[in-house]
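To keep things clear, I will list the structure first and then write my remarks on it.
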Ligand code: ATP
Ligand code: MG
């Protein structure tokens, strides 16, 4: 069995243990995903029918990669394995079984935008304060209820939940949840959480269906098990109940989705659920250098709630971890872009070998700008998905409506786009009429004469006739022809074509791109059913990565740390290591939140194979204002012996500045108490390698700056010490250009500057 050669003895043992419950909890890079991949290959080689294997992964990308690897071992049979994310796999099952729980099989999947838009409509109808009942908040609350399998009725009966809602002044949340559920049902729509929630309902209320899938999925495997929520946990548990051939792998140190309801207890309790459990330990990290593994271990040791694990690497010691400081977010981008260009040239690497990871999507802007300036090709993963773009959603709304005319959100989206003389008032009337008569919007639209004045009724009826004509076309034509017809006859293509702006052109091209995608789909040989309805089924679940036009392109990868889970790159940059950004401000209130943030840092570090750079900026534009930033506490938690500090001068002209002569020894002090706010300098005891944010000198008071001259040294309340390098303008609007030691050059209007001559 040649294919088992690439495994160490514990990995091989886990692969060969195909019967009964198996769990692997092991550190990053130890081959957990590799074990699952080989295990599936081994099952098929041992004559298990691929149709009987279910593998649940965390991203579609991971599933795709796994399938490719398995195909190499077992051949084309691999395409019959059930493999994908929880959402995509159970959406597929619900497509077959939905009628059993009262939904049409062609149900629509509402994405987050649809859900929030529906919630906003309901909140408005109920005349609730949209600050108190903020749609995002309500959405999250409902989502978390669903992920804990609490239905709207149970929500309203649960005393604990009710007490909590009432005390926050949101006593009507349960009612909103109920209304939202009813409206989704009426529209034949499920939201993302419903895909799991309704699967649970289906398996609970229909023992025959449960039995069918228990027998179908004789072998189950779950990657990244630490990030499953209760709803997912229960589905897996039920499906595995007869055969108990279940293998889960995960790492408690990488649990980073608690904020979305993931429950680390699912790992910790696995042993209780399966007393016959076989546990395998993997301790060798094959991914990273020893330095990287050591740093990761030392970071995670700061978390109290952690299973003890011994992770080591026998790879080379490797370079030290580089810490780079920049003066601003733009400077940080520039530094990293330059570093990538240089490392690539010197190390003979490809762009493909580099990744930039950040805490929040907004940080990509500065990186992108800098990369573009240096002509470094890059690709953003997990950003706004192709399918989330407005024009794509518009066209897809027409498709949705064609197949499910009850889809309320789709109807509201396109009833007057492109404009066809149906004003907001008319739409309001349609909504009210539907509500009063307890019918769907579509039922009002198709009988407009009965509910609306004659002028509005004509426009609305024409719209209904248009959609009905699409239904006929969709029934009788192939996916591509139907899609082309709808994009033309809805007026959408023409509307975009007439917009000659750059954005307009790009929107038009995106529609073309979607049509190309549909054409490709229609020409595929491996699927039998190729109607537009089949294409449409899981569009809401597609992400940016699924529309990768050129997956082999040589580009630098940019993504949030959350979307980097499970991936690896030779050269990784983790950027924005600043207090309030990483760890994020929201995480500073509780130990558990902070520990989750630290696990996220652990995930980031362990993506690197050879070289790791951590960077931070001392100032950054946040919410429109320049804010000075302190280096992240996480940097302080790393033993200095693993680090190499690189604080490069800001600009060439600045090289001459006296402040930079001793730049490399410019470490200040930083408080090291993880849970308290920064303390004044006197209270700081631990010596750190990192410079601190400016704390004004004792008794700091702005002084008279009328005698200010070039060359003078000054102290600014926030920016710290600096030297005046230019003064211009005339009183009272004198402007001084000051070179600050920490922040670099700034121009200040003297009459406002909180400045002291030193
Ligand atoms: P993560 O926790 O980040 O998801 P993981 O435990 O799933 O990591 P893998 O991605 O499976 O780890 O493996 C990490 C890297 O080490 C991969 O490149 C994999 O191919 C390699 N690897 C794992 N085991 C071995 C082995 N026995 N021999 C050679 N390479 C291995
Ligand atoms: Mg993995």
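In my numbering, the protein residues as written are 1267 to 2024.
Glycine included, each C-beta is placed from N, C-alpha and C at the ideal position.
Fair warning: this is a prediction, and the values are worked out from it, not measured in the lab.
request  = Report yes if the CB atom of residue 2027 is closer than 9 Å to the CB atom of residue 1288, and no otherwise.
outcome  = Since the first residue of the chain shown is 1267 and the last is 2024, residue 2027 is not available in this structure.
query = What's the C-alpha gap between residue 1421 and residue 1427?
reply = The residue labelled residue 1421 in the question sits at position 155 within the chain shown. The residue labelled residue 1427 in the question sits at position 161 within the chain shown. So the two alpha carbons sit approximately 7 Å from each other.
query = Using the rule of at least 16 other Cβ atoms within 10 Å of the residue's Cβ for burial, across every protein chain shown, is residue 1277 buried or exposed?
reply = For the purposes of this step, residue 1277 is taken as residue 11 along the chain shown, with counting starting at 1. Residue 1277 should be labelled buried.
key: Buried/exposed call for residue 1889, threshold 16 Cβ in 10 Å   = For the purposes of this step, residue 1889 is taken as residue 623 along the chain shown, with counting starting at 1. It counts as exposed.
task = Please classify residue 1432: is it buried, with 16 or more other beta-carbons within 10 angstroms of its beta-carbon, or exposed?
result = Taking the first residue of the chain shown as 1, we reach residue 1432 at position 166. So residue 1432 counts as exposed.
query = Start and end of the alpha helix (DSSP H) containing residue 1485?
reply = Start at 1 with the first residue of the chain shown, and residue 1485 comes out as number 219. Premise fails: residue 1485 lies in the beta strand (DSSP E), 1485-1488, not in any alpha helix (DSSP H).
query = Hey, how far is the Cα of residue 1745 from the Cα of residue 1343?
reply = Taking the chain shown and counting its residues from 1, one reaches residue 1745 at position 479. Taking the chain shown and counting its residues from 1, one reaches residue 1343 at position 77. Between residue 1745 and residue 1343, the C-alpha separation is close to 27 Å.
ask   = Got a sec: does ligand 2 put a non-hydrogen atom nearer than 8 Å to the Cβ of residue 1832?
value = To locate residue 1832, count along the chain shown from 1; it is residue 566. The answer is yes for residue 1832.
task = Just the C-alpha distance for residue 1620 and residue 1819, rounded to the nearest angstrom, thanks.
result = On the chain shown, position 354 is the one that residue 1620 refers to. On the chain shown, position 553 is the one that residue 1819 refers to. Looking at the two C-alpha atoms, the distance is approximately 13 Å.
message = Could you check whether residue 1628 and residue 1602 sit closer than 9 Å to each other, using their CB atoms as the reference points?
response = Position 336 of the chain shown holds residue 1602. Position 362 of the chain shown holds residue 1628. Contact: no.
key: Nearest-angstrom beta carbon gap, residue 1706 and residue 1682 [assumed within contact, 8 Å]   = Position 416 of the chain shown, counting from 1, holds the residue named residue 1682. Position 440 of the chain shown, counting from 1, holds the residue named residue 1706. Incorrect: roughly 18 Å between the Cβ atoms, too far for contact.
task = Confirm, please, whether the CB-CB distance from residue 1751 to residue 1732 is below 9 Å.
result = What you label residue 1732 is simply residue 466 of the chain shown in a count that begins at 1. What you label residue 1751 is simply residue 485 of the chain shown in a count that begins at 1. Not a contact, by the Cβ cut-off of 9 Å.
ask   = Among the residues of its own chain, which have a CB less than 6 Å from the CB of residue 1377, if the five just before and after it don't count?
value = Locating residue 1377 in the chain shown gives position 111, where the first residue counts as 1. 1806.
ask   = Cβ-heavy atom distance between residue 1299 and ligand 1 below 8 Å?
value = Residue numbering aside, residue 1299 sits at position 33 when the chain shown is read from its first letter. The answer is yes for residue 1299.
key: For residue 1905, three-class secondary structure by DSSP   = For this step, residue 1905 is matched to residue 639 along the chain shown. It is coil, neither helix nor strand.
ask   = What is the DSSP secondary structure of residue 1787, reduced to helix, strand or coil?
value = Taking the first residue of the chain shown as position 1, residue 1787 is located at position 521. Note: residue 1787 maps to helix in three-state DSSP.
task = With a threshold of 8 Å, establish whether the CB of residue 1331 neighbours any heavy atom of ligand 2.
result = If you number the chain shown from 1, residue 1331 lands on position 65. Answer for residue 1331: no, Cβ out of range of ligand 2.
query = Residue range of the alpha helix (DSSP H) that residue 1216 falls in?
reply = Residue 1216 lies beyond the residue range present for the chain, which begins at 1267 and ends at 2024; the question has no answer from this structure.
message = Please report the distance separating the alpha-carbon of residue 1331 from that of residue 1990.
response = Counting from one through the chain shown, the residue named residue 1331 turns up at place 65. Counting from one through the chain shown, the residue named residue 1990 turns up at place 724. Cα-Cα distance, rounded: 57 Å.
request  = Taking only heavy atoms of ligand 2 into account, decide whether any of them is closer than 8 Å to the Cβ of residue 1490.
outcome  = Position 224 of the chain shown, counted from the first residue, corresponds to residue 1490. Yes, Cβ of residue 1490 sits closer than 8 Å to a heavy atom of ligand 2.
inquiry  = Under 8 Å: does the beta carbon of residue 1294 sit that close to some heavy atom of ligand 1?
reply    = Along the chain shown, read from residue 1 onward, the residue named residue 1294 stands at position 28. Result yes, Cβ under 8 Å from ligand 1.
Segments assigned alpha helix (DSSP H), at least 4 residues, entirely inside the stretch 1386-1438 = 1401-1413, 1418-1423 and 1425-1433
key: Candidates 1623, 1668 and 1666, of which the one nearest residue 1648 by Cα   = What you label residue 1648 is simply residue 382 of the chain shown in a count that begins at 1. It is 1623.
ask   = Could you give the distance in angstroms between the alpha-carbon of residue 1569 and the alpha-carbon of residue 1477?
value = Start at 1 with the first residue of the chain shown, and residue 1569 comes out as number 303. Start at 1 with the first residue of the chain shown, and residue 1477 comes out as number 211. Spanning the two alpha carbons is a distance of roughly 42 Å.
message = Quick check on the DSSP output: what are the complete alpha helix (DSSP H) runs of length 4 or more inside the stretch 1681-1757, in order along the chain?
response = 1690-1702, 1707-1711, 1714-1717, 1720-1742 and 1745-1755
ask   = When the Cα atoms are used, what is the spatial distance from residue 1340 to residue 1310?
value = Looking up residue 1340 in the chain shown gives position 74. Looking up residue 1310 in the chain shown gives position 44. Their Cα atoms are separated by approximately 7 Å.
task = To the nearest angstrom, report how far apart residue 1688 and residue 1730 are at their CA atoms.
result = As a working mapping, residue 1688 is identified with position 422 in the chain shown. As a working mapping, residue 1730 is identified with position 464 in the chain shown. So the alpha carbons of these two residues sit roughly 12 Å apart.
query = In the DSSP assignment, what are the bridge partners of residue 1584?
reply = Position 318 of the chain shown, counted from the start, is the residue given in the question as residue 1584. Looking at the DSSP assignment, residue 1584 forms no beta bridge with any residue, so it has no partner.
key: Minimum length 4: unbroken alpha helix (DSSP H) runs contained in the stretch 1544-1575   = 1556-1566
key: Inter-residue Cα distance where the pair is residue 1610 and residue 1789   = Residue mapping note: residue 1610 aligns to position 344 of the chain shown, counting from 1. Residue mapping note: residue 1789 aligns to position 523 of the chain shown, counting from 1. Cα to Cα, residue 1610 sits roughly 40 Å from residue 1789.
query = How long is the line joining the alpha carbons of residue 1664 and residue 1798, rounded to whole angstroms?
reply = Working through the chain shown from its first residue, we reach residue 1664 at position 398. Working through the chain shown from its first residue, we reach residue 1798 at position 532. C-alpha separation (whole angstroms): 12 Å.
query = If we count the other Cβ atoms within 10 Å of its Cβ and call it buried at 16 or more, is residue 1827 buried or exposed?
reply = As a working mapping, residue 1827 is identified with position 561 in the chain shown. Buried is the call here.
ask   = Any heavy atom of ligand 1 closer than 8 Å to the CB of residue 1515?
value = Your numbering for residue 1515 matches position 249 in the chain shown. Yes - ligand 1 has a heavy atom lying nearer than 8 Å to the Cβ of residue 1515.
key: CB of residue 1532 within 9 Å of CB of residue 1496, strictly   = Taking the first residue of the chain shown as position 1, residue 1532 is located at position 266. Taking the first residue of the chain shown as position 1, residue 1496 is located at position 230. Their beta carbons are under 9 Å apart, which means residue 1532 touches residue 1496 by this criterion.
key: Rounded C-alpha distance that separates residue 1361 from residue 1301   = Counting from 1 along the chain shown, the entry for residue 1361 is found at position 95. Counting from 1 along the chain shown, the entry for residue 1301 is found at position 35. Distance between the alpha carbons of residue 1361 and residue 1301 is about 31 Å.
query = Taking 8 Å as the line, does the beta carbon of residue 1543 fall inside it for any heavy atom of ligand 1?
reply = Translated into the one-based positions of the chain shown, residue 1543 becomes position 277. It does not: the Cβ of residue 1543 is nowhere closer than 8 Å to a heavy atom of ligand 1.
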